[in-house]
(Lines of atoms letter the chains of each structure in order from A; the text may use other names.)
(Lines give C-alpha, C1' and ligand atoms only; values in the text may rest on other atoms or scores of the structure.)
Protein backbone atom coordinates (compact mmCIF):
# COMPACT_ATOMS: atom_id res chain seq x y z
CA UNK A 1 0.00 0.00 0.00
CA UNK A 2 1.40 3.36 -0.91
CA UNK A 3 1.79 6.16 1.62
CA UNK A 4 -1.11 8.15 0.06
CA UNK A 5 -3.37 5.07 0.15
CA UNK A 6 -2.44 4.57 3.77
CA UNK A 7 -3.41 8.14 4.68
CA UNK A 8 -6.74 7.89 2.87
CA UNK A 9 -7.45 4.56 4.55
CA UNK A 10 -6.76 5.99 8.02
CA UNK A 11 -8.93 9.04 7.32
CA UNK A 12 -11.76 6.77 6.27
CA UNK A 13 -11.58 5.16 9.73
CA UNK A 14 -12.23 8.60 11.29
CA UNK A 15 -15.26 10.22 9.64
CA UNK A 16 -14.99 13.33 11.87
CA UNK A 17 -11.36 13.85 10.84
CA UNK A 18 -12.29 13.39 7.21
CA UNK A 19 -15.04 16.02 7.40
CA UNK A 20 -12.62 18.41 9.13
CA UNK A 21 -10.00 17.95 6.42
CA UNK A 22 -12.60 18.44 3.67
CA UNK A 23 -13.86 21.64 5.36
CA UNK A 24 -10.34 23.04 5.46
CA UNK A 25 -9.81 22.12 1.82
CA UNK A 26 -13.06 23.85 0.76
CA UNK A 27 -12.26 26.97 2.81
CA UNK A 28 -8.77 27.26 1.35
CA UNK A 29 -10.16 26.73 -2.15
CA UNK A 30 -12.75 29.47 -1.75
CA UNK A 31 -10.58 31.90 0.22
CA UNK A 32 -6.95 31.32 -0.69
CA UNK A 33 -4.28 33.40 1.05
CA UNK A 34 -4.40 36.55 -1.09
CA UNK A 35 -1.15 37.88 -2.34
CA UNK A 36 -3.16 40.73 -3.92
CA UNK A 37 -4.16 42.01 -0.47
CA UNK A 38 -0.51 42.30 0.56
CA UNK A 39 0.48 43.85 -2.73
CA UNK A 40 -2.39 46.34 -2.53
CA UNK A 41 -1.47 47.34 1.02
CA UNK A 42 2.10 48.01 -0.03
CA UNK A 43 0.92 49.88 -3.12
CA UNK A 44 -1.33 52.19 -1.06
CA UNK A 45 1.35 52.84 1.52
CA UNK A 46 3.73 53.80 -1.30
CA UNK A 47 0.96 55.98 -2.74
CA UNK A 48 0.62 57.70 0.65
CA UNK A 49 4.37 58.16 0.92
CA UNK A 50 4.40 60.50 -2.09
CA UNK A 51 1.60 62.67 -0.74
CA UNK A 52 1.54 65.43 1.85
CA UNK A 53 -1.45 65.16 4.16
CA UNK A 54 -1.67 68.27 6.39
CA UNK A 55 -5.09 67.33 7.78
CA UNK A 56 -4.02 63.80 8.69
CA UNK A 57 -6.76 62.26 6.61
CA UNK A 58 -4.52 59.30 5.74
CA UNK A 59 -3.59 58.61 9.36
CA UNK A 60 -5.39 55.25 9.26
CA UNK A 61 -3.19 54.08 6.37
CA UNK A 62 -0.76 51.89 8.31
CA UNK A 63 0.76 48.45 7.97
CA UNK A 64 -2.21 46.14 7.84
CA UNK A 65 -3.17 42.80 6.39
CA UNK A 66 -6.05 44.43 4.57
CA UNK A 67 -6.30 48.00 3.23
CA UNK A 68 -10.09 47.85 3.44
CA UNK A 69 -9.96 49.70 6.77
CA UNK A 70 -8.08 52.63 5.27
CA UNK A 71 -10.05 55.89 5.14
CA UNK A 72 -11.22 56.62 1.59
CA UNK A 73 -10.70 53.02 0.45
CA UNK A 74 -13.53 50.71 -0.55
CA UNK A 75 -13.12 47.00 -1.23
CA UNK A 76 -15.12 44.38 -3.06
CA UNK A 77 -17.07 42.45 -0.40
CA UNK A 78 -16.35 39.10 -2.04
CA UNK A 79 -12.73 39.30 -3.16
CA UNK A 80 -11.52 41.85 -0.61
CA UNK A 81 -9.65 43.70 -3.34
CA UNK A 82 -9.55 47.49 -3.55
CA UNK A 83 -12.09 48.82 -6.06
CA UNK A 84 -12.46 52.47 -5.06
CA UNK A 85 -10.01 55.18 -3.95
CA UNK A 86 -11.87 58.42 -3.16
CA UNK A 87 -9.84 61.25 -1.62
CA UNK A 88 -11.68 64.27 -2.97
CA UNK A 89 -11.02 67.70 -1.40
CA UNK A 90 -8.68 66.52 1.37
CA UNK A 91 -5.99 69.24 0.99
CA UNK A 92 -3.53 66.68 -0.35
CA UNK A 93 -0.41 67.69 -2.26
CA UNK A 94 2.59 65.84 -3.63
CA UNK A 95 2.54 63.48 -6.60
CA UNK A 96 0.66 60.39 -7.76
CA UNK A 97 2.75 57.28 -7.24
CA UNK A 98 3.01 54.72 -10.08
CA UNK A 99 2.22 52.15 -7.40
CA UNK A 100 -1.46 52.89 -8.03
CA UNK A 101 -1.11 50.55 -11.02
CA UNK A 102 -0.88 47.58 -8.61
CA UNK A 103 -4.57 47.96 -7.79
CA UNK A 104 -5.71 45.68 -10.60
CA UNK A 105 -9.40 45.69 -9.58
CA UNK A 106 -9.62 49.46 -9.16
CA UNK A 107 -12.78 50.87 -10.77
CA UNK A 108 -12.85 54.38 -9.25
CA UNK A 109 -10.00 56.81 -8.63
CA UNK A 110 -11.21 60.18 -7.39
CA UNK A 111 -8.55 62.68 -6.30
CA UNK A 112 -10.49 65.81 -7.30
CA UNK A 113 -10.06 69.22 -5.67
CA UNK A 114 -6.64 68.81 -4.10
CA UNK A 115 -3.22 70.32 -4.87
CA UNK A 116 -1.54 67.28 -6.36
CA UNK A 117 1.20 68.12 -8.86
CA UNK A 118 3.65 66.36 -11.14
CA UNK A 119 2.77 64.08 -14.02
CA UNK A 120 0.07 61.46 -14.26
CA UNK A 121 2.04 58.17 -14.35
CA UNK A 122 1.46 56.20 -17.54
CA UNK A 123 1.38 53.03 -15.43
CA UNK A 124 -2.21 53.86 -14.60
CA UNK A 125 -3.16 52.14 -17.85
CA UNK A 126 -2.59 48.85 -15.98
CA UNK A 127 -5.83 49.51 -14.10
CA UNK A 128 -7.89 47.93 -16.85
CA UNK A 129 -11.06 47.85 -14.74
CA UNK A 130 -11.06 51.60 -14.16
CA UNK A 131 -14.48 53.11 -14.88
CA UNK A 132 -14.13 56.56 -13.28
CA UNK A 133 -11.00 58.70 -13.24
CA UNK A 134 -11.44 62.12 -11.65
CA UNK A 135 -8.33 64.26 -11.20
CA UNK A 136 -10.03 67.63 -11.68
CA UNK A 137 -8.99 70.72 -9.74
CA UNK A 138 -5.35 69.82 -9.11
CA UNK A 139 -1.97 71.07 -10.36
CA UNK A 140 -0.95 68.21 -12.62
CA UNK A 141 1.43 69.00 -15.45
CA UNK A 142 3.02 67.46 -18.51
CA UNK A 143 1.39 65.56 -21.33
CA UNK A 144 -1.70 63.57 -20.52
CA UNK A 145 -0.69 59.93 -21.15
CA UNK A 146 -2.61 57.91 -23.73
CA UNK A 147 -5.34 56.13 -21.78
CA UNK A 148 -6.80 54.27 -24.76
CA UNK A 149 -6.18 50.93 -23.08
CA UNK A 150 -8.72 51.79 -20.36
CA UNK A 151 -11.63 50.48 -22.39
CA UNK A 152 -13.89 50.18 -19.34
CA UNK A 153 -13.63 53.92 -18.65
CA UNK A 154 -17.01 55.67 -18.48
CA UNK A 155 -16.02 58.99 -16.90
CA UNK A 156 -12.79 60.91 -17.49
CA UNK A 157 -12.43 64.24 -15.69
CA UNK A 158 -9.08 66.05 -15.67
CA UNK A 159 -10.37 69.62 -15.97
CA UNK A 160 -8.68 72.55 -14.24
CA UNK A 161 -5.09 71.33 -14.23
CA UNK A 162 -1.95 72.34 -16.14
CA UNK A 163 -1.72 69.51 -18.66
CA UNK A 164 0.11 70.61 -21.80
CA UNK A 165 1.20 69.21 -25.15
CA UNK A 166 -1.11 68.16 -27.94
CA UNK A 167 -4.82 67.89 -27.35
CA UNK A 168 -5.51 64.22 -26.40
CA UNK A 169 -7.24 63.07 -29.59
CA UNK A 170 -6.92 59.47 -28.38
CA UNK A 171 -10.02 60.04 -26.20
CA UNK A 172 -12.00 59.19 -29.34
CA UNK A 173 -10.97 55.57 -28.72
CA UNK A 174 -12.75 55.44 -25.35
CA UNK A 175 -16.12 54.61 -26.82
CA UNK A 176 -17.66 53.71 -23.46
CA UNK A 177 -17.35 57.27 -22.13
CA UNK A 178 -20.48 59.02 -20.93
CA UNK A 179 -18.62 61.91 -19.25
CA UNK A 180 -15.61 63.74 -20.73
CA UNK A 181 -14.16 66.83 -19.08
CA UNK A 182 -10.79 68.10 -20.34
CA UNK A 183 -11.35 71.85 -20.00
CA UNK A 184 -9.16 74.51 -18.39
CA UNK A 185 -5.77 73.02 -19.28
CA UNK A 186 -2.78 74.30 -21.26
CA UNK A 187 -3.02 72.15 -24.37
CA UNK A 188 -1.39 73.28 -27.60
CA UNK A 189 -3.60 75.10 -30.09
CA UNK A 190 -5.66 72.49 -31.86
CA UNK A 191 -8.90 71.82 -33.67
CA UNK A 192 -11.59 69.71 -32.05
CA UNK A 193 -10.80 66.11 -33.08
CA UNK A 194 -13.46 64.66 -35.34
CA UNK A 195 -12.89 61.35 -33.58
CA UNK A 196 -14.86 62.66 -30.61
CA UNK A 197 -17.87 61.81 -32.74
CA UNK A 198 -17.15 58.15 -31.89
CA UNK A 199 -18.32 58.74 -28.32
CA UNK A 200 -21.97 57.95 -28.98
CA UNK A 201 -22.79 57.44 -25.28
CA UNK A 202 -21.49 60.84 -24.20
CA UNK A 203 -23.89 62.93 -22.10
CA UNK A 204 -21.40 65.50 -20.77
CA UNK A 205 -18.70 67.20 -22.87
CA UNK A 206 -16.62 69.97 -21.31
CA UNK A 207 -13.73 71.38 -23.37
CA UNK A 208 -13.79 75.00 -22.16
CA UNK A 209 -10.50 76.89 -22.08
CA UNK A 210 -8.61 74.25 -24.08
CA UNK A 211 -7.04 76.51 -26.75
CA UNK A 212 -9.30 75.11 -29.47
CA UNK A 213 -9.54 76.71 -32.91
CA UNK A 214 -11.44 76.11 -36.14
CA UNK A 215 -15.07 75.17 -36.58
CA UNK A 216 -17.16 72.77 -34.54
CA UNK A 217 -16.99 69.50 -36.50
CA UNK A 218 -20.21 67.93 -37.73
CA UNK A 219 -19.35 64.71 -35.90
CA UNK A 220 -19.95 66.48 -32.57
CA UNK A 221 -23.46 67.34 -33.74
CA UNK A 222 -24.24 63.63 -34.04
CA UNK A 223 -23.77 62.91 -30.33
CA UNK A 224 -27.48 62.65 -29.70
CA UNK A 225 -27.14 61.59 -26.06
CA UNK A 226 -25.44 64.88 -25.10
CA UNK A 227 -27.03 66.85 -22.27
CA UNK A 228 -24.20 69.34 -21.67
CA UNK A 229 -22.05 70.90 -24.40
CA UNK A 230 -19.41 73.39 -23.24
CA UNK A 231 -16.79 74.77 -25.66
CA UNK A 232 -16.59 78.20 -24.01
CA UNK A 233 -13.48 80.43 -23.79
CA UNK A 234 -11.73 79.07 -26.86
CA UNK A 235 -11.06 80.57 -30.30
CA UNK A 236 -13.64 78.68 -32.31
CA UNK A 237 -14.77 80.25 -35.58
CA UNK A 238 -17.45 79.71 -38.19
CA UNK A 239 -21.19 80.06 -37.92
CA UNK A 240 -23.28 78.93 -35.01
CA UNK A 241 -24.00 75.27 -35.89
CA UNK A 242 -27.56 74.88 -37.16
CA UNK A 243 -27.39 71.12 -36.69
CA UNK A 244 -27.16 71.61 -32.93
CA UNK A 245 -30.94 71.30 -33.04
CA UNK A 246 -30.42 67.55 -33.66
CA UNK A 247 -29.21 67.13 -30.08
CA UNK A 248 -32.64 66.87 -28.55
CA UNK A 249 -31.38 65.92 -25.09
CA UNK A 250 -29.37 69.10 -24.61
CA UNK A 251 -30.02 70.91 -21.36
CA UNK A 252 -26.98 73.19 -21.38
CA UNK A 253 -25.15 74.99 -24.22
CA UNK A 254 -22.05 77.02 -23.31
CA UNK A 255 -20.28 78.58 -26.30
CA UNK A 256 -19.42 81.99 -24.86
CA UNK A 257 -16.14 83.80 -25.49
CA UNK A 258 -15.33 82.48 -28.96
CA UNK A 259 -15.40 84.00 -32.44
CA UNK A 260 -18.62 82.48 -33.72
CA UNK A 261 -20.71 84.31 -36.31
CA UNK A 262 -24.14 83.93 -37.88
CA UNK A 263 -27.60 83.89 -36.34
CA UNK A 264 -29.50 81.75 -33.87
CA UNK A 265 -31.38 79.19 -36.01
CA UNK A 266 -35.16 78.94 -35.50
CA UNK A 267 -34.77 75.17 -35.06
CA UNK A 268 -33.07 75.82 -31.74
CA UNK A 269 -36.59 75.74 -30.34
CA UNK A 270 -36.64 71.97 -30.91
CA UNK A 271 -34.43 71.70 -27.83
CA UNK A 272 -37.35 71.67 -25.45
CA UNK A 273 -35.23 70.44 -22.51
CA UNK A 274 -32.82 73.37 -22.74
CA UNK A 275 -32.25 75.13 -19.40
CA UNK A 276 -29.00 77.06 -19.87
CA UNK A 277 -27.94 78.92 -23.01
CA UNK A 278 -24.86 81.17 -23.14
CA UNK A 279 -23.33 82.42 -26.40
CA UNK A 280 -22.01 85.71 -25.00
CA UNK A 281 -18.87 87.44 -26.31
CA UNK A 282 -18.99 86.24 -29.90
CA UNK A 283 -19.70 88.04 -33.19
CA UNK A 284 -23.23 86.83 -33.76
CA UNK A 285 -25.95 89.03 -35.21
CA UNK A 286 -29.50 89.14 -36.56
CA UNK A 287 -32.75 89.02 -34.66
CA UNK A 288 -33.89 86.40 -32.18
CA UNK A 289 -36.34 83.94 -33.71
CA UNK A 290 -39.80 84.57 -32.22
CA UNK A 291 -40.09 80.86 -31.47
CA UNK A 292 -37.33 81.11 -28.87
CA UNK A 293 -39.95 82.27 -26.42
CA UNK A 294 -41.39 78.77 -26.45
CA UNK A 295 -38.38 77.30 -24.63
CA UNK A 296 -40.33 77.03 -21.41
CA UNK A 297 -37.58 75.34 -19.38
CA UNK A 298 -35.02 78.13 -19.81
CA UNK A 299 -33.43 79.21 -16.53
CA UNK A 300 -30.32 80.99 -17.81
CA UNK A 301 -30.20 83.00 -21.06
CA UNK A 302 -27.08 84.98 -21.88
CA UNK A 303 -25.86 86.48 -25.15
CA UNK A 304 -24.22 89.72 -24.05
CA UNK A 305 -21.55 91.42 -26.17
CA UNK A 306 -22.75 90.40 -29.61
CA UNK A 307 -24.46 92.29 -32.44
CA UNK A 308 -28.06 91.13 -32.08
CA UNK A 309 -30.78 93.61 -33.00
CA UNK A 310 -34.55 93.94 -33.28
CA UNK A 311 -37.20 93.35 -30.65
CA UNK A 312 -37.12 90.81 -27.88
CA UNK A 313 -39.72 88.03 -28.44
CA UNK A 314 -42.79 88.50 -26.27
CA UNK A 315 -42.63 84.83 -25.26
CA UNK A 316 -39.94 85.67 -22.71
CA UNK A 317 -42.71 87.21 -20.64
CA UNK A 318 -44.44 83.84 -20.30
CA UNK A 319 -41.43 81.91 -19.01
CA UNK A 320 -41.76 80.42 -15.54
CA UNK A 321 -38.25 79.23 -14.71
CA UNK A 322 -36.04 82.11 -15.85
CA UNK A 323 -33.50 83.09 -13.18
CA UNK A 324 -30.70 84.90 -15.01
CA UNK A 325 -31.02 87.03 -18.16
CA UNK A 326 -28.10 88.98 -19.61
CA UNK A 327 -28.11 90.60 -23.06
CA UNK A 328 -26.11 93.80 -22.51
CA UNK A 329 -24.05 95.42 -25.27
CA UNK A 330 -26.18 94.47 -28.24
CA UNK A 331 -28.47 96.55 -30.43
CA UNK A 332 -31.89 95.39 -29.28
CA UNK A 333 -34.65 97.96 -29.63
CA UNK A 334 -38.39 98.45 -29.23
CA UNK A 335 -40.48 97.93 -26.14
CA UNK A 336 -39.44 95.40 -23.56
CA UNK A 337 -41.89 92.47 -23.10
CA UNK A 338 -44.50 93.80 -20.68
CA UNK A 339 -44.82 90.60 -18.59
CA UNK A 340 -41.12 89.84 -18.38
CA UNK A 341 -40.41 88.42 -14.90
CA UNK A 342 -44.04 88.20 -13.90
CA UNK A 343 -43.99 84.42 -13.67
CA UNK A 344 -40.24 83.80 -13.27
CA UNK A 345 -38.01 83.62 -10.16
CA UNK A 346 -35.60 86.21 -11.59
CA UNK A 347 -32.43 86.83 -9.57
CA UNK A 348 -30.41 88.78 -12.14
CA UNK A 349 -31.16 90.80 -15.27
CA UNK A 350 -28.77 92.95 -17.31
CA UNK A 351 -30.22 94.62 -20.42
CA UNK A 352 -27.79 97.56 -20.40
CA UNK A 353 -26.37 99.28 -23.47
CA UNK A 354 -29.19 98.53 -25.87
CA UNK A 355 -31.92 100.77 -27.31
CA UNK A 356 -35.03 99.57 -25.51
CA UNK A 357 -37.74 102.22 -25.40
CA UNK A 358 -41.18 102.80 -23.93
CA UNK A 359 -42.12 102.30 -20.32
CA UNK A 360 -39.82 100.55 -17.88
CA UNK A 361 -40.86 96.90 -17.24
CA UNK A 362 -42.92 96.59 -14.06
CA UNK A 363 -42.60 92.95 -13.05
CA UNK A 364 -38.87 92.18 -12.94
CA UNK A 365 -39.06 91.75 -9.16
CA UNK A 366 -42.53 90.24 -9.04
CA UNK A 367 -41.23 87.19 -7.13
CA UNK A 368 -39.17 89.27 -4.69
CA UNK A 369 -35.92 87.43 -5.48
CA UNK A 370 -34.20 89.93 -7.81
CA UNK A 371 -30.67 90.86 -6.71
CA UNK A 372 -29.24 92.60 -9.76
CA UNK A 373 -31.26 95.01 -11.92
CA UNK A 374 -29.03 96.63 -14.55
CA UNK A 375 -30.74 98.56 -17.32
CA UNK A 376 -28.40 101.48 -17.88
CA UNK A 377 -27.88 103.23 -21.22
CA UNK A 378 -31.20 102.52 -22.93
CA UNK A 379 -34.07 104.75 -24.01
CA UNK A 380 -36.73 103.94 -21.41
CA UNK A 381 -39.08 106.82 -20.60
CA UNK A 382 -41.85 107.70 -18.17
CA UNK A 383 -42.03 107.03 -14.44
CA UNK A 384 -39.96 104.38 -12.71
CA UNK A 385 -42.57 101.84 -11.51
CA UNK A 386 -43.51 101.91 -7.82
CA UNK A 387 -43.44 98.09 -7.80
CA UNK A 388 -39.70 98.22 -7.08
CA UNK A 389 -40.35 99.78 -3.67
CA UNK A 390 -41.05 96.19 -2.53
CA UNK A 391 -37.88 94.77 -4.08
CA UNK A 392 -35.88 94.54 -0.86
CA UNK A 393 -33.71 91.74 -2.23
CA UNK A 394 -31.83 94.12 -4.59
CA UNK A 395 -28.06 94.40 -4.28
CA UNK A 396 -27.54 96.59 -7.34
CA UNK A 397 -29.97 98.94 -9.02
CA UNK A 398 -28.59 100.78 -12.04
CA UNK A 399 -31.00 102.54 -14.41
CA UNK A 400 -28.81 105.51 -15.34
CA UNK A 401 -28.63 106.98 -18.85
CA UNK A 402 -32.29 106.63 -19.79
CA UNK A 403 -35.10 109.19 -20.20
CA UNK A 404 -36.97 108.35 -17.02
CA UNK A 405 -38.75 111.18 -15.22
CA UNK A 406 -40.99 112.12 -12.32
CA UNK A 407 -40.43 111.37 -8.64
CA UNK A 408 -39.02 108.13 -7.31
CA UNK A 409 -41.36 106.41 -4.87
CA UNK A 410 -40.40 106.55 -1.20
CA UNK A 411 -39.89 102.81 -0.80
CA UNK A 412 -37.51 102.62 -3.75
CA UNK A 413 -35.03 104.77 -1.81
CA UNK A 414 -35.07 102.27 1.06
CA UNK A 415 -33.32 99.12 -0.14
CA UNK A 416 -31.60 97.57 2.89
CA UNK A 417 -29.31 95.21 0.94
CA UNK A 418 -28.37 97.46 -1.98
CA UNK A 419 -24.73 98.51 -2.24
CA UNK A 420 -25.19 100.49 -5.46
CA UNK A 421 -28.13 102.71 -6.45
CA UNK A 422 -27.65 104.62 -9.68
CA UNK A 423 -30.41 106.97 -10.88
CA UNK A 424 -28.00 109.25 -12.75
CA UNK A 425 -28.46 110.86 -16.16
CA UNK A 426 -32.26 110.81 -16.30
CA UNK A 427 -34.96 113.43 -15.75
CA UNK A 428 -36.06 112.48 -12.24
CA UNK A 429 -37.55 115.19 -10.04
CA UNK A 430 -38.71 115.60 -6.46
CA UNK A 431 -36.57 114.92 -3.41
CA UNK A 432 -34.79 112.11 -1.65
CA UNK A 433 -37.12 110.22 0.67
CA UNK A 434 -36.37 109.76 4.36
CA UNK A 435 -36.42 106.05 3.53
CA UNK A 436 -32.87 106.44 2.26
CA UNK A 437 -31.84 105.77 5.85
CA UNK A 438 -32.97 102.17 5.39
CA UNK A 439 -30.31 101.63 2.70
CA UNK A 440 -27.59 100.96 5.23
CA UNK A 441 -25.52 98.79 2.88
CA UNK A 442 -25.00 101.56 0.31
CA UNK A 443 -21.45 102.17 -0.85
CA UNK A 444 -22.37 104.10 -4.01
CA UNK A 445 -25.27 106.47 -4.68
CA UNK A 446 -25.39 108.21 -8.06
CA UNK A 447 -27.91 111.00 -8.68
CA UNK A 448 -26.15 113.32 -11.14
CA UNK A 449 -27.81 115.04 -14.08
CA UNK A 450 -31.41 114.92 -12.86
CA UNK A 451 -33.92 117.54 -11.62
CA UNK A 452 -34.00 116.60 -7.96
CA UNK A 453 -34.79 119.39 -5.51
CA UNK A 454 -35.44 120.00 -1.84
CA UNK A 455 -33.38 119.36 1.27
CA UNK A 456 -31.05 116.44 1.68
CA UNK A 457 -32.46 114.27 4.46
CA UNK A 458 -30.21 113.92 7.54
CA UNK A 459 -30.58 110.14 7.18
CA UNK A 460 -27.94 110.32 4.47
CA UNK A 461 -25.38 111.08 7.13
CA UNK A 462 -26.08 107.76 8.82
CA UNK A 463 -25.01 105.78 5.77
CA UNK A 464 -21.47 105.27 6.99
CA UNK A 465 -20.53 102.99 4.10
CA UNK A 466 -20.83 105.99 1.78
CA UNK A 467 -17.75 107.49 3.37
CA UNK A 468 -15.49 104.60 2.41
CA UNK A 469 -14.34 106.08 -0.92
CA UNK A 470 -14.30 109.36 -2.83
CA UNK A 471 -16.91 110.55 -5.31
CA UNK A 472 -19.45 107.95 -4.38
CA UNK A 473 -22.40 110.29 -4.27
CA UNK A 474 -22.95 112.92 -6.92
CA UNK A 475 -25.65 115.53 -7.32
CA UNK A 476 -24.39 117.39 -10.39
CA UNK A 477 -27.26 119.04 -12.22
CA UNK A 478 -29.64 118.79 -9.25
CA UNK A 479 -30.55 121.54 -6.75
CA UNK A 480 -29.87 120.55 -3.15
CA UNK A 481 -29.16 122.91 -0.25
CA UNK A 482 -26.54 120.89 1.65
CA UNK A 483 -27.60 120.66 5.27
CA UNK A 484 -25.66 119.61 8.36
CA UNK A 485 -24.40 116.22 7.19
CA UNK A 486 -21.21 115.93 9.21
CA UNK A 487 -20.98 112.15 8.82
CA UNK A 488 -21.13 112.30 5.05
CA UNK A 489 -17.48 112.50 4.02
CA UNK A 490 -17.88 112.42 0.24
CA UNK A 491 -20.51 114.65 -1.32
CA UNK A 492 -19.64 116.12 -4.71
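In full-length UniProt numbering, the protein residues as written are 1 to 492. Beta carbons are placed, not taken as given, at the ideal position from N, Cα and C, and that holds for glycine.
Distance from the CA of residue 156 to the CA of residue 181, rounded to the nearest whole angstrom, comes to 6 Å. Per DSSP, residue 367 lies in no beta strand (DSSP E) and is assigned neither H nor E. Minimum Cα-Cα distance from residue 444 among the listed residues 395, 408, 409 corresponds to 395. For residue 209, the CB contacts under 8 Å within the same chain, skipping 5 residues up- and downstream, are 183, 184, 185, 232, 233, 234 in chain order. By the C-beta density criterion, residue 151 is exposed, having fewer than 16 other C-beta atoms within 10 angstroms. Between the beta-carbon of residue 245 and that of residue 265 there is about 6 Å, and that keeps the pair under the 8 Å contact cut.
With contact defined as three or more Cβ pairs closer than 8 Å, the region 124–136 and the region 61–77 are not in contact.
According to the DSSP assignment, residue 413 belongs to the alpha helix (DSSP H) that extends over 410–413.
Of 373, 367, 392, 359, the smallest CA-CA separation from residue 380 is found for 359. Runs of beta strand (DSSP E) with 3 or more residues, each lying fully within the region 179–207, are found at 179–181, 204–206, listed in chain order. Counting along the chain, the unbroken beta strand (DSSP E) around residue 155 starts and ends at 155–157. The Cβ neighbour count for residue 328, taken over all protein chains shown within 10 Å, is at least 16; the residue is labelled buried. Excluding its 5 nearest sequence neighbours in each direction, residue 378 has C-beta neighbours in its own chain below 6 Å: 354, 356, 402, listed in chain order. Residue pairing for residue 141: DSSP places it in a beta bridge opposite 162. For residue 133, the enclosing beta strand (DSSP E) starts and ends at 132–134. Here residue 340 carries a coil assignment [DSSP, helix/strand/coil]. For residue 331, the enclosing beta strand (DSSP E) begins and ends at 331–335. Contact annotation: residue 129 and residue 97 have beta-carbon atoms that are not nearer than 8 Å.
Less than 8 Å divides the Cβ of residue 438 from the Cβ of residue 416.
If you compare the alpha carbons of 243, 459, 258 with that of residue 268, the shortest gap goes to 243. Of the candidates 431, 351, 95, 351 places its Cα closest to the Cα of residue 398. In the structure shown, residue 84 adopts extended strand secondary structure according to DSSP, grouped into three states. In this structure, the alpha-carbon of residue 361 lies about 20 Å from that of residue 303.
Sequence-distant partners of residue 459 (beyond 5 residues in either direction) whose C-beta falls short of 7 Å from its own C-beta, in its chain, are 434, 436, 437.
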